[in-house]
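Just below is one structure, and these are the notes that go with it.
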Amino acid sequence: MGEKVYQLSIVGFGARGLHALELFYSSLSRKRNNIQSQTIIFETRKNLGTGLAWDPDQTSANCSNIADRAMDTLHGRQEFTVNNVIVPAFPSYLEWLDEVMEVQVDNEKDSYSPRKVTGAYLAQRARSILEPLQIIRMVELCKERITNIQQSGNQFTLTSMAGKKYSCENVLLALGHLPTRMSNLNKKCLEHAQQSGIRFSNTPCTATAQEIYHDSKTILIKGLGLSMIDVVRMIVKNRGGAFAQESNSIFLKFMGTTDVQIVPYSLDGLAMVPKPIGKRVDDNFNPINAGKAEMLARLKDDIAANKIKTVEDILYPIARIVMKIYKGFEKTYSGQSIEAETGAALVVEWFKNPLTKSDHIMDTSMPIVEYMKLTCKMSHGQIAFSLDYTAGQVWREMQIDMYHLFTYGLLPDLLVAEFIQINEQVKRYSFGPPVATILQLIALQEAGVLNLDFHHDPKIKLSENGYEISNLSQSILCDAMVDSVLPRPNMREITDDLMKSILEKPLAEQFAKHLGIRVSDRAQHLLNSCPVAGLYTIGRNAKGSIYGVDSILECFNSDRMQPVMDDIINRL
């Protein structure tokens, strides 16, 4: 190993790693005229700054579930100077969309960029900072995968898969999605596929999965979420399918081949719920006039005063905001009024149990296609909004604010874990897809391409010719299976060599069962409440310590990232 010591290493250079680099050098430029701090970046992907989710080389069938209008907080980067070299400014996302893609925000109907378009923005933004910093040898790029970390005194030694070693004073882990242990079902399905010559994939964006989309005739998909929607769109795109608007209707008609059948399912069988079609409809759920600021201030004070003892203490203030909005509608979903406190209690019950029954809540036991049609009509403002639809959209509007309240040990671990579980359930609404996507699924079902008859936890039998799926009344044989469910960042289930190395030392501890690494409010790893000086994790693998880990907007949250960079700079 050479004598060179890097002041900072960034392991993983997706969107979070990109923003960390921006803040690190822009902050240094304001504090020091002569900067000597050298950074090494470890990233194996061809496209820098994007990660897998926003890779600009992916199919155009994969669309973001965030409206372009909602990307207004992805701000640009201001120009700064490092050792007499200018790092140029870079526009905000909406400015870039307008200037480069000629896309303008429409208040009536939201536009949703293909993920590859957002990825192109991120890749260009990454190049614009990397190139000048590389010219002055301030930043090095290494296309190797780090598999081991060792702490020795005030330094860390990172070892790559090729056996090369790198010495660093500070290590920032920005790793994103990491592989986890395969479930027992997936193990059985994979072994069955290998033995029987049929197909299985639990990585829906790989070449193996693409072969399934192109060749298979009856495809079983595990999951009813956003990844399932991406898989369906890729299958349809591979076969040249398109959609036409039905006359005098919001609904669509599928135009294309019907020689494939797609059979999705999930354990709870609940469909994703589309976002409002545009700002005009979405404004119905704006919590500002319902007292959001005052509620958040009180909640923040209660957290500081240690008054939050149960998850209900968090949920009731949110539910009361929901009820103020719901009672302000000209018509209710049930056609009947409901008292504010009765409604708030119902909302809290629904937050905790999405199968809650009420005349004010959409019935999850109705046929799934009818349920999806109902949600599409609501998203267009054609029918009265149900209480659950209202609650889901208000939750979406308040997510960013909640990110800042329930992080970094402000609340007991088990309470945070319970709140995160509720957030996962509400994501069916708050992370809902564009309404056009649900309309396409409905059209595919009516054309016989999508088969939703087995959507709720069917029995799966491994047979000689494939996967036999059955419910109480019928069965179907699928010749391929794709698991589209993205694993949660459970630190104990991650199989990545670097993360296993961190656990074995140990240089990290788990926040709570099924969650990620425990970190401080400056992203430092914590062991028995003591910081591991110089070792930081940002993003989804710190889930629990932080709350907003799945949003591209949170990747560029300077308020969250700046204290991390300040801590690193103070150690130089």
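Going by the numbering used here, the first residue of the sequence shown is number 35, and it counts up by one from there.
We put the CB at the ideal spot given by N, CA and C, even for glycine.
- One alpha carbon belongs to R522, the other to L167, and they sit about 35 Å apart.
- A direct Cα-to-Cα measurement between L473 and I296 gives close to 16 Å.
- Contact between the segment 270–289 and the segment 538–547 is not established, with fewer than three Cβ pairs separated by less than 8 Å.
- The alpha carbon of V139 has as its nearest neighbour, out of G312, G415, M306, the alpha carbon of G312.
- Using a Cβ distance threshold of 8 Å, L42 and N204 count as a contacting pair.
- Beta-bridge pairing by DSSP links E178 to no other residue.
- If you look at S63, you'll find it in the alpha helix (DSSP H) that goes 49–65.
- When secondary structure is reduced to three states using DSSP, H559 falls in the strand class.
- If you ignore the 5 residues before and after S98, its C-beta comes within less than 7 Å of the C-beta of Y146, S147, R149, T152, all in its own chain and listed in chain order.
- Cβ-Cβ distances below 6 Å link A95 to R267, M268, K271 in the same chain, with the five nearest sequence neighbours on each side left out; the list follows chain order.
- Excluding its 5 nearest sequence neighbours in each direction, F234 has C-beta neighbours in its own chain below 6 Å: C223, L224, A227, M515, listed in chain order.
- Every alpha helix (DSSP H) of 4 residues or more that sits fully in the segment 132–192 is shown, in chain order, as 149–169.
- For E37, no alpha helix (DSSP H) encloses it, and the DSSP letter there is neither H nor E.
- A208 and R50 do touch by the CB rule: their CB atoms are close to 4 Å apart, below 8 Å.
- Residue environment for D144: buried (at least 16 other C-beta atoms within 10 angstroms of its C-beta).
- Beta-bridge pairing by DSSP links K534 to no other residue.
- As a beta-bridge residue in DSSP terms, E502 pairs with K495, L511.
- Contact annotation, I180 with L192: C-beta distance approximately 5 Å; criterion of less than 8 Å satisfied.
- Rounded to whole angstroms, the Cβ separation of M412 and L475 is 16 Å, and the two are not in contact under 8 Å.
- The Cβ neighbour count for S186, taken over all protein chains shown within 10 Å, is under 16; the residue is labelled exposed.
- Contact check for E142 and R354: beta-carbon distance about 31 Å, past the 8 Å limit, so the pair fails to qualify.
- The beta-carbon distance between L57 and M595, rounded to whole angstroms, is 5 Å. This is short enough to meet the 8 Å contact definition.
- Fully enclosed alpha helix (DSSP H) runs of no fewer than 4 residues occupy 313–316, 326–338, 346–360 of the segment 294–369, in order along the chain.
- Its Cα nearest to that of T529, the residue N182 stands out among N182, R161, N340, K38.
- Following the DSSP letters along the chain, one finds M599 in no beta strand (DSSP E) but inside the alpha helix (DSSP H) bounded by residues 592–605.
- Counting C-beta pairs with one atom in each stretch, the segment 553–572 and the segment 588–603 have three or more that are closer than 8 Å, which means they touch.
- The beta carbon of E383 sits closer than 6 Å to those of T390, all from its chain and outside the five residues before and after it, given in chain order.
- Residue nearest to Q370 within the set M400, P467, A418, G443 is A418 (criterion: CA-CA distance).
- In this structure, G303 is the residue among D293, T214, I232, G303 with its C-alpha nearest to the C-alpha of L258.
- DSSP, reduced to helix, strand and coil, places D517 within a strand of the structure shown.
- Within a 10 Å sphere around the beta-carbon of Q433 sit 16 or more other beta-carbons, which makes this residue buried.
- Under the DSSP definition of a beta bridge, F288 partners with F277.
- Judged by pairs of C-beta atoms under 8 Å, the segment 393–410 does not touch the segment 333–348, as fewer than three such pairs exist.
- The criterion of a C-beta distance shorter than 8 Å is not satisfied by A481 and T252.
- Around S368, the same chain offers D393, H394 as residues with beta carbons nearer than 6 Å, after the five sequence neighbours per side are excluded.
- Scanning its chain for C-beta atoms nearer than 7 Å, with the 5 sequence neighbours on each side dropped, one finds around F363 the residues A418, F419, in chain order.
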